[in-house]
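S.K.: The structure is given below, and queries will be raised subsequently.
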(Lines of atoms letter the chains of each structure in order from A and count residues from 1; the text may use other names and numbers.)
(Lines give C-alpha, C1' and ligand atoms only; values in the text may rest on other atoms or scores of the structure.)
Protein backbone atom coordinates (compact mmCIF):
# COMPACT_ATOMS: atom_id res chain seq x y z
CA UNK A 1 0.00 0.00 0.00
CA UNK A 2 1.33 3.44 -0.94
CA UNK A 3 0.86 5.54 2.24
CA UNK A 4 -0.85 8.91 2.18
CA UNK A 5 2.13 10.50 3.89
CA UNK A 6 5.63 9.61 5.09
CA UNK A 7 8.55 11.48 6.66
CA UNK A 8 11.75 11.68 4.61
CA UNK A 9 14.59 10.53 6.86
CA UNK A 10 17.95 9.11 5.85
CA UNK A 11 21.65 8.77 6.55
CA UNK A 12 22.20 12.47 7.31
CA UNK A 13 19.53 12.47 10.02
CA UNK A 14 20.94 9.23 11.45
CA UNK A 15 24.40 10.76 11.53
CA UNK A 16 23.12 13.86 13.33
CA UNK A 17 21.40 11.73 15.97
CA UNK A 18 24.53 9.62 16.47
CA UNK A 19 26.64 12.77 16.86
CA UNK A 20 24.41 13.91 19.73
CA UNK A 21 24.48 10.47 21.37
CA UNK A 22 28.27 10.35 21.19
CA UNK A 23 28.50 13.77 22.83
CA UNK A 24 26.39 12.51 25.78
CA UNK A 25 24.26 15.67 25.89
CA UNK A 26 20.79 14.85 24.61
CA UNK A 27 18.63 17.39 26.50
CA UNK A 28 18.11 21.00 25.38
CA UNK A 29 21.50 22.48 24.57
CA UNK A 30 23.67 23.83 21.74
CA UNK A 31 21.84 21.93 18.98
CA UNK A 32 18.56 23.61 19.95
CA UNK A 33 20.10 27.07 19.82
CA UNK A 34 21.72 26.31 16.47
CA UNK A 35 18.41 25.02 15.07
CA UNK A 36 16.60 28.14 16.28
CA UNK A 37 19.11 30.44 14.59
CA UNK A 38 19.11 28.45 11.35
CA UNK A 39 15.32 28.71 11.30
CA UNK A 40 15.66 32.48 11.76
CA UNK A 41 18.02 32.70 8.79
CA UNK A 42 15.65 30.63 6.66
CA UNK A 43 12.88 33.12 7.50
CA UNK A 44 15.19 36.15 7.08
CA UNK A 45 14.91 37.42 10.65
CA UNK A 46 17.74 38.08 13.13
CA UNK A 47 19.23 35.24 15.15
CA UNK A 48 17.53 34.82 18.50
CA UNK A 49 14.02 35.45 17.19
CA UNK A 50 12.83 31.81 17.35
CA UNK A 51 12.03 29.52 20.27
CA UNK A 52 12.14 25.76 19.63
CA UNK A 53 9.63 23.83 21.73
CA UNK A 54 8.24 20.34 22.21
CA UNK A 55 5.39 20.51 19.67
CA UNK A 56 3.38 22.77 17.39
CA UNK A 57 0.57 22.63 19.96
CA UNK A 58 2.97 23.89 22.63
CA UNK A 59 4.08 26.68 20.27
CA UNK A 60 0.48 27.81 19.78
CA UNK A 61 -0.27 27.72 23.50
CA UNK A 62 2.84 29.78 24.24
CA UNK A 63 1.97 32.31 21.53
CA UNK A 64 -1.51 32.75 23.01
CA UNK A 65 -0.07 32.97 26.51
CA UNK A 66 2.48 35.61 25.44
CA UNK A 67 -0.32 37.67 23.86
CA UNK A 68 -2.28 37.44 27.13
CA UNK A 69 -5.13 35.44 25.62
CA UNK A 70 -6.87 34.70 28.91
CA UNK A 71 -10.55 35.80 28.71
CA UNK A 72 -9.87 37.34 25.28
CA UNK A 73 -12.02 36.62 22.22
CA UNK A 74 -9.82 34.46 20.01
CA UNK A 75 -10.75 33.90 16.36
CA UNK A 76 -9.88 30.54 14.85
CA UNK A 77 -11.01 28.55 11.81
CA UNK A 78 -13.63 25.89 12.28
CA UNK A 79 -11.93 24.05 9.40
CA UNK A 80 -8.73 23.11 11.23
CA UNK A 81 -7.27 20.58 13.65
CA UNK A 82 -8.24 20.22 17.29
CA UNK A 83 -4.88 21.60 18.46
CA UNK A 84 -6.17 25.14 17.87
CA UNK A 85 -9.28 24.66 20.00
CA UNK A 86 -7.23 22.93 22.70
CA UNK A 87 -4.70 25.76 22.90
CA UNK A 88 -7.46 28.37 23.18
CA UNK A 89 -9.09 26.35 25.95
CA UNK A 90 -5.85 25.83 27.87
CA UNK A 91 -5.09 29.56 27.85
CA UNK A 92 -8.70 30.19 29.04
CA UNK A 93 -9.61 32.18 25.95
CA UNK A 94 -13.06 32.59 24.41
CA UNK A 95 -13.18 30.78 21.03
CA UNK A 96 -14.83 32.59 18.11
CA UNK A 97 -15.09 30.18 15.19
CA UNK A 98 -14.77 31.41 11.60
CA UNK A 99 -15.79 29.74 8.34
CA UNK A 100 -13.40 29.13 5.47
CA UNK A 101 -13.98 30.47 1.97
CA UNK A 102 -16.13 28.85 -0.69
CA UNK A 103 -13.08 28.03 -2.82
CA UNK A 104 -10.34 28.24 -0.20
CA UNK A 105 -9.66 26.15 2.91
CA UNK A 106 -8.39 29.30 4.64
CA UNK A 107 -10.41 31.77 6.69
CA UNK A 108 -11.50 35.08 5.25
CA UNK A 109 -9.59 37.59 7.37
CA UNK A 110 -12.12 40.30 6.46
CA UNK A 111 -14.71 38.26 8.39
CA UNK A 112 -12.31 38.11 11.31
CA UNK A 113 -12.13 41.90 11.42
CA UNK A 114 -15.92 42.06 11.78
CA UNK A 115 -16.19 39.40 14.49
CA UNK A 116 -15.15 41.56 17.45
CA UNK A 117 -12.13 39.44 18.29
CA UNK A 118 -8.93 40.35 20.13
CA UNK A 119 -6.55 37.70 18.75
CA UNK A 120 -6.71 35.81 15.44
CA UNK A 121 -5.10 32.44 14.73
CA UNK A 122 -4.55 32.39 10.96
CA UNK A 123 -3.35 29.06 9.51
CA UNK A 124 -2.28 28.62 5.91
CA UNK A 125 -4.05 25.35 5.22
CA UNK A 126 -2.53 22.66 2.98
CA UNK A 127 0.44 24.94 2.20
CA UNK A 128 -1.73 27.69 0.63
CA UNK A 129 -0.91 31.12 2.12
CA UNK A 130 -3.82 32.74 3.91
CA UNK A 131 -4.80 36.15 2.54
CA UNK A 132 -4.09 38.89 5.08
CA UNK A 133 -4.32 42.68 4.78
CA UNK A 134 -1.20 44.67 5.59
CA UNK A 135 -2.82 46.03 8.74
CA UNK A 136 -5.40 44.44 11.01
CA UNK A 137 -7.06 45.73 14.14
CA UNK A 138 -6.42 42.46 15.98
CA UNK A 139 -3.31 40.66 17.15
CA UNK A 140 -2.45 37.87 14.71
CA UNK A 141 -0.79 34.50 15.26
CA UNK A 142 0.29 33.26 11.83
CA UNK A 143 0.16 29.45 11.85
CA UNK A 144 2.56 27.97 9.28
CA UNK A 145 2.43 24.41 10.59
CA UNK A 146 1.48 23.28 7.05
CA UNK A 147 3.23 25.98 5.03
CA UNK A 148 6.86 26.47 6.07
CA UNK A 149 8.58 28.00 3.04
CA UNK A 150 5.48 29.40 1.34
CA UNK A 151 5.82 32.98 0.11
CA UNK A 152 3.76 36.14 -0.32
CA UNK A 153 5.13 38.97 -2.45
CA UNK A 154 8.60 37.43 -2.40
CA UNK A 155 8.86 36.94 1.37
CA UNK A 156 8.46 33.74 3.36
CA UNK A 157 5.31 33.75 5.44
CA UNK A 158 5.03 33.32 9.21
CA UNK A 159 5.83 36.85 10.31
CA UNK A 160 2.86 38.87 9.09
CA UNK A 161 1.40 39.05 12.60
CA UNK A 162 2.72 39.62 16.09
CA UNK A 163 3.94 36.04 16.26
CA UNK A 164 4.09 32.90 14.12
CA UNK A 165 4.15 29.21 14.96
CA UNK A 166 5.64 26.14 13.25
CA UNK A 167 5.10 22.41 13.66
CA UNK A 168 7.71 19.71 13.08
CA UNK A 169 5.45 16.70 13.58
CA UNK A 170 6.41 13.43 11.84
CA UNK A 171 4.49 14.14 8.63
CA UNK A 172 4.87 17.90 8.41
CA UNK A 173 7.12 19.52 5.78
CA UNK A 174 10.11 18.81 8.03
CA UNK A 175 10.28 16.85 11.27
CA UNK A 176 12.40 17.00 14.40
CA UNK A 177 12.09 13.28 14.92
CA UNK A 178 8.35 12.90 15.44
CA UNK A 179 7.33 15.92 17.52
CA UNK A 180 8.49 19.52 17.77
CA UNK A 181 7.52 23.10 17.11
CA UNK A 182 8.73 26.69 17.20
CA UNK A 183 7.53 30.19 17.94
CA UNK A 184 8.86 32.95 15.68
CA UNK A 185 8.49 36.73 15.86
CA UNK A 186 10.10 40.00 14.84
CA UNK A 187 9.29 41.17 18.38
CA UNK A 188 12.24 40.20 20.59
CA UNK A 189 10.34 41.12 23.75
CA UNK A 190 7.72 38.45 22.99
CA UNK A 191 10.40 35.90 22.12
CA UNK A 192 12.31 36.54 25.35
CA UNK A 193 9.06 36.25 27.32
CA UNK A 194 8.41 32.82 25.79
CA UNK A 195 12.00 31.68 26.30
CA UNK A 196 11.72 32.62 29.96
CA UNK A 197 8.54 30.51 30.27
CA UNK A 198 10.33 27.54 28.65
CA UNK A 199 13.32 27.75 31.03
CA UNK A 200 11.41 26.28 33.96
CA UNK A 201 14.15 24.79 36.13
CA UNK A 202 16.62 26.22 38.66
CA UNK A 203 15.04 29.68 38.77
CA UNK A 204 15.34 32.04 41.73
CA UNK A 205 11.75 33.35 41.64
CA UNK A 206 8.28 31.84 42.07
CA UNK A 207 6.88 32.57 38.59
CA UNK A 208 4.97 29.67 37.06
CA UNK A 209 6.73 28.12 34.10
CA UNK A 210 6.53 24.79 32.30
CA UNK A 211 8.79 22.32 30.49
CA UNK A 212 8.10 22.82 26.78
CA UNK A 213 11.72 22.19 25.79
CA UNK A 214 12.95 20.54 22.61
CA UNK A 215 15.84 18.10 23.02
CA UNK A 216 19.21 18.33 21.30
CA UNK A 217 18.45 14.98 19.68
CA UNK A 218 15.33 16.47 18.07
CA UNK A 219 17.08 19.68 17.09
CA UNK A 220 19.98 17.85 15.44
CA UNK A 221 17.53 15.99 13.21
CA UNK A 222 15.66 19.24 12.59
CA UNK A 223 18.83 21.01 11.44
CA UNK A 224 19.38 18.39 8.74
CA UNK A 225 15.72 18.51 7.72
CA UNK A 226 15.75 22.30 7.48
CA UNK A 227 18.84 22.16 5.26
CA UNK A 228 16.99 19.66 3.04
CA UNK A 229 13.72 21.61 2.98
CA UNK A 230 14.33 23.26 -0.44
CA UNK A 231 14.95 19.78 -1.90
CA UNK A 232 11.77 18.48 -0.23
CA UNK A 233 9.70 21.37 -1.56
CA UNK A 234 11.05 20.92 -5.08
CA UNK A 235 10.15 17.21 -5.05
CA UNK A 236 6.66 17.98 -3.77
CA UNK A 237 6.25 20.56 -6.54
CA UNK A 238 7.30 18.01 -9.16
CA UNK A 239 4.73 15.49 -7.90
CA UNK A 240 2.05 18.17 -7.80
CA UNK A 241 2.86 19.04 -11.42
CA UNK A 242 2.52 15.39 -12.42
CA UNK A 243 -1.03 15.41 -11.05
CA UNK A 244 -1.79 18.72 -12.76
CA UNK A 245 -0.38 17.45 -16.07
CA UNK A 246 -2.76 14.50 -15.83
CA UNK A 247 -5.62 17.00 -15.98
CA UNK A 248 -6.47 16.89 -12.27
CA UNK A 249 -7.72 20.20 -10.88
CA UNK A 250 -6.06 20.75 -7.50
CA UNK A 251 -6.53 23.47 -4.90
CA UNK A 252 -4.33 26.48 -5.69
CA UNK A 253 -4.00 30.03 -4.32
CA UNK A 254 -6.30 32.57 -5.95
CA UNK A 255 -3.71 35.37 -5.64
CA UNK A 256 -0.73 35.41 -8.08
CA UNK A 257 1.68 36.83 -5.48
CA UNK A 258 1.02 33.85 -3.19
CA UNK A 259 3.49 31.00 -3.77
CA UNK A 260 2.34 27.84 -1.99
CA UNK A 261 4.21 24.79 -0.78
CA UNK A 262 2.66 21.44 -1.64
CA UNK A 263 1.91 20.08 1.80
CA UNK A 264 -1.30 18.59 0.44
CA UNK A 265 -2.58 17.85 -3.06
CA UNK A 266 -6.32 18.35 -2.60
CA UNK A 267 -8.97 17.50 -5.19
CA UNK A 268 -12.57 18.70 -4.92
CA UNK A 269 -15.11 16.08 -6.02
CA UNK A 270 -18.73 15.18 -5.33
CA UNK A 271 -18.11 11.65 -4.04
CA UNK A 272 -14.73 11.48 -2.29
CA UNK A 273 -15.34 8.10 -0.65
CA UNK A 274 -15.89 6.48 -4.05
CA UNK A 275 -12.53 7.84 -5.20
CA UNK A 276 -10.80 6.82 -1.97
CA UNK A 277 -12.16 3.28 -2.39
CA UNK A 278 -10.99 3.12 -6.01
CA UNK A 279 -7.49 4.21 -5.00
CA UNK A 280 -7.43 1.73 -2.11
CA UNK A 281 -8.30 -1.09 -4.51
CA UNK A 282 -5.16 -0.11 -6.41
CA UNK A 283 -2.95 -0.07 -3.32
CA UNK A 284 -3.01 3.70 -2.74
CA UNK A 285 -4.03 5.47 0.45
CA UNK A 286 -5.86 8.78 0.09
CA UNK A 287 -7.84 10.58 2.79
CA UNK A 288 -10.43 13.24 3.44
CA UNK A 289 -8.12 15.93 4.87
CA UNK A 290 -10.66 17.10 7.47
CA UNK A 291 -13.82 15.09 7.97
CA UNK A 292 -17.11 16.65 8.97
CA UNK A 293 -16.92 15.28 12.52
CA UNK A 294 -13.50 16.92 12.93
CA UNK A 295 -14.81 20.46 12.39
CA UNK A 296 -14.30 22.47 15.56
CA UNK A 297 -17.92 23.62 15.98
CA UNK A 298 -21.39 22.65 14.73
CA UNK A 299 -20.95 22.00 10.97
CA UNK A 300 -24.46 23.28 10.19
CA UNK A 301 -23.34 26.80 11.14
CA UNK A 302 -20.39 26.87 8.72
CA UNK A 303 -21.57 26.02 5.23
CA UNK A 304 -18.23 26.42 3.46
CA UNK A 305 -16.29 24.28 5.93
CA UNK A 306 -19.02 21.65 5.85
CA UNK A 307 -18.89 21.57 2.05
CA UNK A 308 -15.09 21.25 2.09
CA UNK A 309 -15.39 18.28 4.46
CA UNK A 310 -17.85 16.61 2.07
CA UNK A 311 -16.05 17.30 -1.21
CA UNK A 312 -12.27 17.10 -0.62
CA UNK A 313 -9.75 14.32 -1.02
CA UNK A 314 -6.01 14.52 -0.30
CA UNK A 315 -3.58 12.59 -2.53
CA UNK A 316 -0.06 11.42 -1.63
CA UNK A 317 2.47 14.20 -2.34
CA UNK A 318 5.56 13.60 -0.18
CA UNK A 319 9.22 13.46 -1.28
CA UNK A 320 9.52 9.67 -0.87
CA UNK A 321 6.74 9.11 -3.44
CA UNK A 322 8.17 8.16 -6.83
CA UNK A 323 7.19 10.06 -9.99
CA UNK A 324 6.02 6.76 -11.50
CA UNK A 325 3.65 6.18 -8.58
CA UNK A 326 2.37 9.75 -8.93
CA UNK A 327 1.70 9.17 -12.65
CA UNK A 328 -0.24 5.99 -11.83
CA UNK A 329 -2.26 7.82 -9.18
CA UNK A 330 -2.98 10.61 -11.65
CA UNK A 331 -4.24 8.13 -14.24
CA UNK A 332 -6.58 6.46 -11.75
CA UNK A 333 -7.94 9.81 -10.57
CA UNK A 334 -8.50 11.10 -14.09
CA UNK A 335 -10.30 7.91 -15.13
CA UNK A 336 -12.50 8.05 -12.02
CA UNK A 337 -13.59 11.70 -12.11
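In my numbering, the protein residues as written are 656 to 992.
The beta-carbon is built from N, C-alpha and C at its ideal position, and this holds for glycine as well.
1. How about residue 941 and residue 675: are their beta carbons less than 8 angstroms apart?
2. For the beta strand (DSSP E) holding residue 752, just list the boundary residues, first then last.
3. How big is the Cα-Cα spacing for residue 757 and residue 780?
4. On a CA-only basis, which of 710, 748, 760, 662 is nearest residue 907? Give me that one, please.
5. Would you grab the beta carbon distance between residue 709 and residue 738 for me? Rounded to a whole angstrom, and I think it's under 8 angstroms.
6. Let's test the definition: count the other Cβ atoms within 10 Å of the Cβ of residue 704 and tell me whether it reaches 16, buried, or not, exposed.
7. Are the stretch 718–731 and the stretch 739–752 in contact at 8 angstroms, needing three or more beta carbon pairs?
8. Out of 784, 673, 975, state which residue places its alpha-carbon closest to the alpha-carbon of residue 826.
9. Rounded to whole angstroms, what's the CA-CA distance from residue 809 to residue 786? Just pull it up for me.
10. With distance defined between alpha-carbon atoms, name the residue in 989, 762, 840, 744 nearest to residue 699.
11. Determine the direct distance from the alpha carbon of residue 682 to that of residue 872, and round the result to whole angstroms.
12. Between the Cα of residue 899 and those of 880, 966, 920, spot the shortest distance and give me the residue it belongs to.
13. Name the DSSP beta bridge partners of residue 729, please?
14. If we call anything under 8 angstroms between Cβ atoms a contact, is residue 987 one with residue 903?
15. Hey, out of 706, 910, 932, whose CA is closest to residue 784's CA?
M.R.: The structure says:
1. no
2. From DSSP, the beta strand (DSSP E) with residue 752 extends over 749–753.
3. 14 angstroms
4. 760
5. So it is not a contact: roughly 13 angstroms between Cβ atoms.
6. buried
7. yes
8. 975
9. 14 angstroms
10. 840
11. 7 angstroms
12. 920
13. 750, 774
14. no
15. 910
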